[in-house]
Amino acid sequence: MTDQTQPFSGRSDDCPTIEVLVEASSNREIALHLEYCAHCRTELALYQSFENDGPRPDEAASVAWIEGQLRPAFPPAPTANSTWDRLRAWWHAALPNLRPAYAMGAATLAMLVIAGMTLRQGAEPTRPNGVVMRSSRLEALSPVGDIDQTPAEFKWEVAPGAATYHVELLLVDRSLIWSGDSKLASIEIPAEIRGQLVPGRAFQWRVAARDSAGQPVGATDLQTFHILPTRP
Amino acid sequence: MEPLSDEDLVVRYRSQTDPRVAERYLNDLFQRHQGRVALWCLRITGDRNSAADLAQEVFLKAFRSLDSYRGDSKFSTWLYSITRNHCFNQIKSRSTIPEDLAQPVLEDLVDSAPGAQSQLEQEGNTRLIQELVRGNLTELETQVFTLFYAEELPLDSITRLLKLDNASGAKAYIVSAKRKLARAVERWKAREHRARP
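First to last, the protein sequences are chains A and B. According to our numbering, the first sequence is numbered sequentially starting from 1. According to our numbering, the second sequence is numbered sequentially starting from 233.
In structure tokens, the structure reads:
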């Protein structure tokens, strides 16, 4: 195909980048270039379409669906400035399909229940010996970032007091691919799951540690790894 | 309160030492542009599953390249470049050219006149062709022609990107453009012939 179309190469060495092209209205030199260059006029038309187009009626549902696939990967992070903010973030996550008024009512009810339980149990959950328990951040070791090969296992740092670790492997839209439990600070990825970890895509994983009583003692942040595409 | 601009969000993301807060700025930034990236990917691929994969890859690439954004241009312009380049590269690798259009565009049209090729070379192929395109094709034909022959995009993608509503989409524009260019080249050859006794 390249040989057949060689005479029409489109872009020339004179062609500016799109960042420069968008200045055409205020730059006479660029405006003159645009008048002459089919390639740049096409580029500018595509850029303007990207900037200004909304979906047409026959595209709207698909665009909404795609956004829905992306949205879990970019959740609105809770500001956590106040109890009310945390509560609002919670009802967004827990009750996404309820109308706001009902959801806020449910959230308020939940807050009252939680407040009651907290009053009965004390401000912090405690171990029998009275030591305050707080789950802490756990360090994930591998795989993280760009990697050349499909990983064979997940590894993380040992959490003090941890008896078991629960591991989740997710797509970047946060849908679960696989989960497993381990008593060590690593877990092997089953072969059938490794087969789903295709090069060129990104995946996420996280670990939650619990003590022998089942209480959380630490968790990793969500980790992302990307298996680089294999070269032909 | 005025919402932060895209560029402000990038600045705050970079200067934030708390990764959770930094992630919030990044999420806000990317969410603003989800719709346009999704639409672009849908028009490129024509199916929502592939488009969702493509859009995800675009955002991943943008995230990884964020250090290269210097703030000289709008963030959306920078994101457009990433979206455009990634989508074009991906779709080109899957593209096949229809057999009836898989013919040389101009080299077979400019072949018979003695010295025509060398004259073409002297004047610069690209420049001459640009002049022929400019002087003979409509703006829409020019855009279709450019995307098909220069960018090597599939006809279906071009049809959707340029929102062409006619029955045969981009293909009709290619056929029409080639016919016009063939006539233009014949005229050019005739002029050349008269100029060289």
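C-beta: ideal position from N, C-alpha, C; glycine also. It should be emphasised that the depicted structure is a prediction, and the values quoted were computed from it without experimental measurement.
Buried or exposed (CB count within 10 angstroms, at least 16 for buried), residue i
i	result
residue 32 of chain A	exposed
residue 380 of chain B	buried
residue 56 of chain A	exposed
residue 302 of chain B	exposed
residue 284 of chain B	buried
residue 220 of chain A	buried
residue 143 of chain A	buried
residue 235 of chain B	exposed
residue 60 of chain A	exposed
residue 237 of chain B	exposed
residue 300 of chain B	exposed
residue 389 of chain B	buried
residue 270 of chain B	buried
The alpha helix (DSSP H) enclosing residue i, as first and last residue numbers
i	result
residue 29 of chain A	28–36
residue 241 of chain B	238–247
residue 282 of chain B	280–297
residue 276 of chain B	251–277
residue 392 of chain B	387–393
residue 57 of chain A	57–70
residue 426 of chain B	402–427
residue 375 of chain B	371–377
residue 19 of chain A	18–21
Residue i to residue j span [Cα, whole Å]
i	j	result
residue 280 of chain B	residue 424 of chain B	51 Å
residue 391 of chain B	residue 148 of chain A	37 Å
residue 70 of chain A	residue 182 of chain A	30 Å
residue 417 of chain B	residue 324 of chain B	29 Å
residue 267 of chain B	residue 68 of chain A	10 Å
residue 161 of chain A	residue 256 of chain B	31 Å
residue 296 of chain B	residue 62 of chain A	27 Å
residue 282 of chain B	residue 274 of chain B	8 Å
residue 203 of chain A	residue 179 of chain A	13 Å
residue 226 of chain A	residue 200 of chain A	7 Å
residue 396 of chain B	residue 51 of chain A	18 Å
residue 427 of chain B	residue 363 of chain B	19 Å
residue 171 of chain A	residue 240 of chain B	30 Å
residue 246 of chain B	residue 264 of chain B	18 Å
residue 320 of chain B	residue 407 of chain B	23 Å
residue 186 of chain A	residue 163 of chain A	13 Å
residue 405 of chain B	residue 34 of chain A	21 Å
Counterpart residues of residue i in DSSP-defined beta bridges
i	result
residue 210 of chain A	A/164 and A/216
residue 137 of chain A	A/219
residue 202 of chain A	A/226
residue 310 of chain B	DSSP, once it has assigned bridges, lists no residue as partnering residue 310 of chain B.
residue 181 of chain A	A/166
residue 176 of chain A	A/170
residue 142 of chain A	A/155
Residue i - containing beta strand (DSSP E), residue span
i	result
residue 154 of chain A	153–156
residue 146 of chain A	145–147
residue 189 of chain A	From DSSP, residue 189 of chain A is part of no beta strand (DSSP E); its letter is neither H nor E.
Please determine if the segment 271–289 of chain B and the segment 14–26 of chain A are in contact, where contact requires at least 3 C-beta pairs separated by less than 8 Å. no
State whether the segment 42–51 of chain A contacts the segment 364–379 of chain B, with contact taken as three or more CB pairs (one from each stretch) at a distance under 8 Å. yes
Counting beta carbon pairs with one atom in the segment 154–174 of chain A and one in the segment 202–209 of chain A, are three or more of them shorter than 8 Å? yes
Quick one: any contact between the segment 187–202 of chain A and the segment 211–221 of chain A, if contact means 3 or more CB pairs under 8 Å? no
The segment 241–252 of chain B touching the segment 47–61 of chain A, judged by at least three CB pairs closer than 8 Å: no
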